[in-house]
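Peer 1: So that we are looking at the same thing, I have put the structure below in structure tokens.
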Amino acid sequence: MGEPVTIAGVVDSLGAGMGITIDTVDGLETVYGLGPVWYWFRNDMARPVVGDAVEVVVTEISTSEYPVILSITVNGDTLDLRDPVTCRPLW
1 MGEPVTIAGV
11 VDSLGAGMGI
21 TIDTVDGLET
31 VYGLGPVWYW
41 FRNDMARPVV
51 GDAVEVVVTE
61 ISTSEYPVIL
71 SITVNGDTLD
81 LRDPVTCRPL
91 W
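Rendered as structure tokens:
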């Protein structure tokens, strides 16, 4: 697992799976690991939509081409998606 990095910007697009593309000041960044819809529902949070301002903490892992999300902040609310030590999903 790599060092966590924070990416902030506006949601540009959402993939059919768990991917999200964020428009940052440095260009587009694609990250993965939004988790299942039911996990967001259980945590009483709405998933991000195109145009939302988001901040994600991501890390590189050996099993993914793209960085995976450890936590995400949407409209001021933060949801932890992965364990920060093991990187295992919390759902």
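Counting in our numbering, the sequence shown runs from 1 upward without gaps.
Note that the Cβ used here is the ideal one computed from N, Cα and C, for glycine as well.
1. So within the stretch 18-66, which uninterrupted beta strand (DSSP E) runs reach at least 3 residues, ignoring any that extend past its ends?
2. I'd like to confirm the pairing. Which residues does DSSP put opposite Pro84 in its beta bridges?
3. Could you pull the DSSP bridge partners for Asp12 from this structure?
4. Using the three-state DSSP reduction, which class does Pro4 fall into: helix, strand or coil?
5. Roughly how many angstroms separate the alpha carbons of Ile69 and Val49, rounded to a whole number?
6. Verify whether the separation of the beta carbon atoms of Tyr32 and Gly19 is less than 8 Å.
Peer 2: With the given structure in hand:
1. 19-24, 27-32 and 53-59
2. Answer by DSSP bridge pairing: none, since Pro84 is not bridged.
3. Answer by DSSP bridge pairing: none, since Asp12 is not bridged.
4. coil
5. 16 Å
6. yes
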